[in-house]
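S.K.: If you use this note's numbering, the sequence shown corresponds to residues 23 to 209, in order.
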Amino acid sequence: MNQTRSLGRRLREQVHIELWSMTVGAIVNGVLGSALVPRPLRLLGYRAFGARIRSGNIFPGLRIHGALRNVEIGRHTFLNAECYLESVGPITIGASCQFGPQVMIVTSHHPTLPDGRVSRVAQARPVVIGDRVWVGARAQILPGVRIADDAVIAAGAVVARDCPVPGVYAGVPARLVRETSVVAEPA
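1. Under 6 Å Cβ to Cβ from residue 168, same chain only, skipping five residues before and after it: list those, please.
2. By the DSSP assignment, the beta strand (DSSP E) with residue 107 in it spans what residues?
3. What is the C-beta distance between residue 77 and residue 96, in whole angstroms, given that I count them as a contact (C-beta under 8 Å)?
4. Can the beta-carbon of residue 152 be found less than 7 Å from the beta-carbon of residue 176?
5. Which runs of the beta strand (DSSP E) at least 3 residues long sit entirely within the stretch 91-134? Give them in chain order.
6. Identify the continuous beta strand (DSSP E) that holds residue 85 and give its terminal residues.
7. Going by C-alpha to C-alpha distance, which of 89, 122, 173 sits closest to residue 105?
8. What residue range is occupied by the uninterrupted beta strand (DSSP E) comprising residue 200?
9. From what residue to what residue does the alpha helix (DSSP H) around residue 193 run?
10. Reducing DSSP to helix, strand and coil, say where residue 37 ends up.
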């Protein structure tokens with residue numbers, strides 16, 4: 023009898039979590055991601071659901087799947103249309119970054135087990151993007167990646183490893199094409 027009650031309680035909790043996730047997902051991705059919602063209202067909505075977003079320059083179509091509390095976006099950062107943030111793990115985007123359309127950031131992966139099988143349980147790894155980073159259209163940033171300040175990620179690149187120095191990274195997988203020097207902008 024006790025096991026039945028425990029199973030029923032766990033089932034109710036799981037249904038509650040799923041319904042809450044669907045409701046939040048519909049509001050965050052359906053309503054706030056709409057072109058009909060003004061940018062300032064979009065920013066307030068994301069903040070209300072726990073995202074730490076300091077920038078108001080987020081174009082329509084942003085999709086966030088995972089915990090909004092795991093998303094942090096710095097000041098003066100621009101996210102173009104239809105970017106996708108899978109925030110099972112933390113995503114930290116620095117200040118003054120520029121994202122092209124349809125950039126994808128993923129924080130979870132299925133590791134290989136010691137016996138060679140792929141785990142069915144996803145593991146989260148944080149993604150950290152420095153300040154003044156430019157990310158081209160349709161670039162993909164994979165779990166556990168750290169991108170240095172002032173880096174440029176080419177359109178269509180798949181970033182599977184850290185980008186530790188300022189420079190241009192391109193390709194599949196992305197690799198350093200050339201280092202760049204950082205020039206201070208006039209005040």
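By construction, the Cβ of each residue, glycine as well, lies at the ideal position given by its N, Cα and C atoms.
Since this is a predicted model, take the numbers as computed values, not measurements.
M.R.: Inspection of the coordinates gives the following:
1. The count along the sequence shown starts at 1 and reaches residue 168 at position 146. Within the same chain, residue 168 has close Cβ partners 150, 184.
2. Stepping through the sequence shown from its first residue, residue 107 is reached at position 85. Residue 107 -> beta strand (DSSP E) spans 106-109.
3. Counted from its first residue, the sequence shown places residue 77 at position 55. Counted from its first residue, the sequence shown places residue 96 at position 74. That pair is a contact at about 7 Å.
4. Here residue 152 refers to the residue found at position 130 of the sequence shown. Here residue 176 refers to the residue found at position 154 of the sequence shown. No, these two residues do not count as a Cβ contact at 7 Å.
5. 93-95, 106-109, 113-115, 126-128
6. Start at 1 with the first residue of the sequence shown, and residue 85 comes out as number 63. 85-88 is the extent of the beta strand (DSSP E) around residue 85.
7. Reading the sequence shown from its first residue, position 83 is the one you call residue 105. With distances taken between Cα atoms, residue 105 lies closest to 122.
8. Along the sequence shown, read from residue 1 onward, the residue named residue 200 stands at position 178. Taken as a continuous stretch (DSSP letters only), the beta strand (DSSP E) holding residue 200 covers 197-201.
9. The residue you call residue 193 lines up with position 171 of the sequence shown. Counting along the chain, residue 193 falls outside any alpha helix (DSSP H), and DSSP gives it neither H nor E.
10. Working through the sequence shown from its first residue, we reach residue 37 at position 15. Note: residue 37 maps to helix in three-state DSSP.
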